[in-house]
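Data block below; observations after.
Protein chains in written order, with this note's numbering: chain A, 655 to 996; chain B, 655 to 996.
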């Protein structure tokens, strides 16, 4: 069998089924944003790891070292937030080609330090090694839940309402702008910069996540949007064996995105549905909770929260357009690392 | 400044001094085999991470996928053992070039699983991504101490006795054999295999470490020998601001190593002093403890333990030869990743 056929998720489930040693302290193993461990200290520990590889996840032409440092920390923090946790401790590994100057590393650590300071993450260790050609970065992050409250991908039930924090598609558009020739971009520099910033300096929604964990709401499922709304909602639907109806008119689109797309003739809705790396939270609540939910409070705590649809018993995945028409969405396979040409 | 001037350890201390966020829960941060965290559950948590890069740390011609999987787990477990801890949970990141077949990964995970089963480590998650050219592997491992007992590099005092588990140099010789043409090797296949096995399938000394942690001995410092006896003892001396006297006649050399070196005209003592990747434990005990130490018990629990010298107030590092002559050892700079040609 070929790696590109099997894909990342195929590979993961293949090994998950073959694990030889299982510990009763593992509440959630492979297959969610984080692993969940019971260490008998009143809370759960949540653990995640993310690798970033030059040319695959980032390009040294579009990311400054500071931005890369920030992003390395931010994407992992987002995984901890997606479980309702608070990030606490990190260890980082760097594989460094000889061509990388010390100044680059100084600036990389500066960005990493900024994120670590903002989100109160202690960098406690790591490994620094040579790499023959490409820079690679791996961060492993440990977090803590509020008591034993943890939000996983599974658990969404028919009738549950679907929410997202913030606005969607900005990061994907920011990347598109970065990759397009400057001369061909229409719209002010300031407008472009706002969108590019969303791509280069994502802000994980830790406050919204811990607000939800401390509230009385029953969050039935949660994930962070790293691969795009449809793909990440797809994970929730698959895990819960349910379907969903999304409302086009409610998909939160930022003013900069709407404006830039209008001027440049780009598909705003598609970017919001499929664009990755927003690192917003996608979660479901039981209908009763929503009545009690003080949306204003989360909004104050962090960023706007919008209901974008509802979970259905019917297992398909539909988009209700602004004029009321219903369209079945293909559950996208999403980004398959192993189909890329290296 | 150039990366090769600064070196791995220079780079680490450079960033350590610039950390912006510090947590009171961090008992030991950057600079030892593991970080030590206080999670208020009666024990400490110990955390380590190790990156292995193709062509830098392993060669797919000399390591089978199973051996690579085993080694990935074993080298991290050794870091946990070096703190007196027991390994518990692991997350693994793989950067996989398109050229790697699924069968390779199956076999890699088989080796990883074997080590995980033997040392009771639950593999709880990871990240699987593409890599443009070289395979890289990163494992982060969480462990637990016996109560709040943790062994760090610092703390060795003049008069403390220096011990190692097992025998030294076998792994380095195993690698030398692997890299030499078959026709030029003298000595039986079985002899060669024993030494090669020590390189390909290291066995971290978890039993000896936990035996010491549970004993009444005061372990004043501990490290695992990954970069060679002199370099790793160097870390203990530097951290404790002390010196050492090593006794040549006590350096534990295995029969296979002595035999192969004799037949092939290789320097056995130098291999034992400088060869890396033995993953034996190097530790110091106060003289009073040694009288009480039941060496037999550790030996039964895991592997032989030998006193190889003594910590001195004088800060140099001397080797006392078999005929009683004293020779100052240069504290080697050891393996500098960034001096390698990529």
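No residue lacks a Cβ here, since even glycine has one placed at the ideal position from N, Cα and C.
Within chain B, the residues placing a beta-carbon under 9 Å from that of residue 656(A) are 755, 756, ordered along the chain.
Boundaries of the beta strand (DSSP E) around residue 877(A): 873-878.
A contact is defined here as three or more CB-CB pairs under 8 Å, and the stretch 663-680 of chain A fails this definition with respect to the stretch 753-762 of chain A. For a cut-off of 8 Å, the C-beta gap from residue 932(A) to residue 879(A) is around 5 Å, short enough to register as a contact.
Here the stretch 815-825 of chain B does not lie against the stretch 783-802 of chain B, with fewer than 3 beta-carbon pairs under 8 Å apart.
The Cβ neighbour count for residue 742(A), taken over all protein chains shown within 10 Å, is at least 16; the residue is labelled buried. In the DSSP assignment, residue 820(A) falls outside any beta strand (DSSP E) and carries neither an H nor an E. By the neighbour-count criterion, in which a residue is buried when 16 or more other Cβ atoms sit within 10 angstroms of its Cβ, residue 916(A) is exposed.
Under DSSP, residue 698(B) forms a beta bridge with 692(B). Contact check for residue 806(B) against residue 682(B) passes: the beta carbons are separated by less than 8 Å. Within chain A, the residues placing a beta-carbon under 8 Å from that of residue 704(B) are 747, 781, ordered along the chain. If you check each beta-carbon in the stretch 877-905 of chain B against every beta-carbon of chain A, none falls closer than 8 Å. Distances from the alpha-carbon of residue 902(A) to those of 978(A), 717(A), 798(A), 818(A) put 978(A) closest. Around the Cβ of residue 769(B), a 10 Å sphere holds 16 or more other Cβ atoms; the residue is buried. In the three-state DSSP reduction, residue 682(A) falls in the strand class (E or B). Contact between residue 771(A) and residue 837(B) is ruled out by a C-beta separation of about 59 Å, above the 8 Å threshold. Contact check for residue 896(A) and residue 811(A): beta-carbon distance about 7 Å, within the 8 Å limit, so the pair qualifies. The Cβ neighbour count for residue 704(A), taken over all protein chains shown within 10 Å, is at least 16; the residue is labelled buried. Residue burial is scored here from C-beta neighbours: residue 738(B) has at least 16 other C-beta atoms within 10 angstroms and is therefore classed as buried. Counting other Cβ atoms within 10 Å of its Cβ, residue 815(B) reaches 16 or more and is therefore classed as buried.
Only those residues of the stretch 761-791 of chain A whose C-beta falls short of 7 Å from the nearest C-beta of chain B are listed: 763, 767, 770, 771, 774, 775, 776, 777, 778, 779, 780, 781, 782, 783, 784, 785, 786, 787, 788, 790. The C-alpha of residue 701(B) is placed about 28 Å away from the C-alpha of residue 965(B). Distance from the CA of residue 938(A) to the CA of residue 817(A), rounded to the nearest whole angstrom, comes to 6 Å. Considering only 843(A), 861(A), 707(A), 790(A), the residue with the shortest C-alpha distance to residue 959(A) is 861(A). In this structure the stretch 707-715 of chain B touches the stretch 780-792 of chain A; the number of beta carbon pairs closer than 8 Å is three or more.
Residue contact with chain B for residue 689(A): present (Cβ-Cβ distance below 8 Å to some residue of chain B). Here the alpha carbons of residue 723(B) and residue 663(A) stand approximately 20 Å from one another.
Around residue 861(B), no beta-carbon contact reaches into chain A at under 7 Å, the shortest distance being about 17 Å. A straight line joining the alpha-carbon of residue 867(B) with that of residue 874(B) spans about 11 Å.
Pairing residue 883(A) with residue 974(A) gives a Cβ-Cβ distance that is not under 8 Å. Closer than 8 Å to the CB of residue 837(B) there is not a single CB belonging to chain A. For residue 792(B), the enclosing beta strand (DSSP E) covers residues 790-799.
For the stretch 659-675 of chain A, the beta-carbon criterion of a distance under 7 Å to any beta-carbon of chain B is satisfied by 660, 662, 665, 666, 669, 672, 673, 674, 675. Going by beta carbons, residue 695(B) and residue 694(A) fall inside the 8 Å limit. As summarised for the stretch 726-750 of chain A, the continuous beta strand (DSSP E) elements at least 3 residues long and confined to that stretch are 740-750, given in chain order. Pairing residue 905(A) with residue 962(A) gives a Cβ-Cβ distance under 8 Å.
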